[in-house]
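Going by UniProt numbering, 47 is the number at position 47 of the sequence shown; the sequence numbering is gapless.
We put the CB at the ideal spot given by N, CA and C, even for glycine.
Heads up, the thing below is written out as C-alpha cells.
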Amino acid sequence: MIAVPLLAVLMQAATATAPMPGKLPPQALPARGCAAYLWSLQDRSLATMVTADPASVRLVIDGKVMDLPQESRTGPGGFGLPTRGVYRQGGVMAALDLSFATRADLTDGGGVPEATLTVQRDGADAVVLPVAGMIGCAPQRP
C-alpha cells in the first residue's frame, strides 16, 4: 500500500524539470559590437540578452544569471548576430532564432520583431518562449 505513493514520489523526483528562464535584470550596452535585448511576449520581462562579441547568450536559470558561449551559428543574421545561434554550457542549452529589422529612427541598432528562445537542460524537456526586442550597438568610434 505504501509502495505505490512512495514510487510516485520517487518518480516525480527523478524526472528532470524543464528550465524556465527567469527575469534578467537591466543590462548595459556592450563595450564592443552589438547585443539583442529580448523580452518575453507573455509578461514583457527581459528574458535574454545575446551578444555578438563575445558570442554568448545571458539568461537566468534557477535564479542565477548564466552566460552560455556560442556553440554554433547559421544564417546571415544581422548586426553581427546569427539568424540561429545555439549556446551551451554546464548541461544547459539555449537556442535563439531571430529575425532582424533596421529602422530609420534607430541609430547604432535595430529591431528583433520576432524570435524564439528555446532552453533545455540535459535530460529534461525543452521550453520554447516567443520573444522580441531591440538591438543596441556600441557607438562607432572615429
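Exercise. How should residue 76 be labelled, buried or exposed, when 16 other C-beta atoms within 10 angstroms of its C-beta is the threshold for buried?
Worked result: Residue 76 should be labelled exposed.
Exercise. Pick from 58, 83, 79 and 101: whose alpha carbon is nearest that of residue 93?
Worked result: The candidate whose alpha carbon is nearest that of residue 93 is 58.
Exercise. What does a CB cutoff of less than 8 Å around residue 39 pick up in its chain, not counting 5 residues either side in sequence?
Worked result: Cβ-Cβ distances below 8 Å link residue 39 to 45, 46, 47, 131, 132 and 133 in the same chain, with the five nearest sequence neighbours on each side left out; the list follows chain order.
Exercise. Do you know offhand how far residue 98's Cα is from residue 78's?
Worked result: Looking at the backbone, the Cα of residue 98 and that of residue 78 are separated by about 9 Å.
Exercise. What does DSSP give as the partner residues of residue 89 in its beta bridges?
Worked result: Residue 89 is bridged to 92.
Exercise. What three-state label does DSSP hand residue 120 in the structure shown?
Worked result: Under the three-state reduction of DSSP, residue 120 is assigned to strand.
Problem set entry | Chain-order list of residues whose beta-carbon lies under 6 Å from that of residue 49 (same chain, five-residue window excluded) | Result list for residue 49: 27, 35, 37 and 58, in chain order.
For this session: Return helix, strand or coil for residue 80, following the three-state DSSP convention.
Result: In the structure shown, residue 80 sits in coil (DSSP, three-state: anything other than H, G, I, E or B).
Exercise. Candidates 138, 24 and 104: which alpha carbon is nearest residue 63's?
Worked result: Closest by alpha carbon: 24.
Exercise. To the nearest angstrom, how far is it from the Cα of residue 120 to the Cα of residue 103?
Worked result: Their backbone Cα atoms lie some 33 Å apart in a straight line.
Exercise. What whole-angstrom Cβ distance do residue 138 and residue 33 have, given they're in contact under 8 Å?
Worked result: Right, their Cβ atoms sit about 6 Å apart.
For this session: Reducing DSSP to helix, strand and coil, say where residue 54 ends up.
Result: Residue 54: coil per DSSP, three-state reduction.
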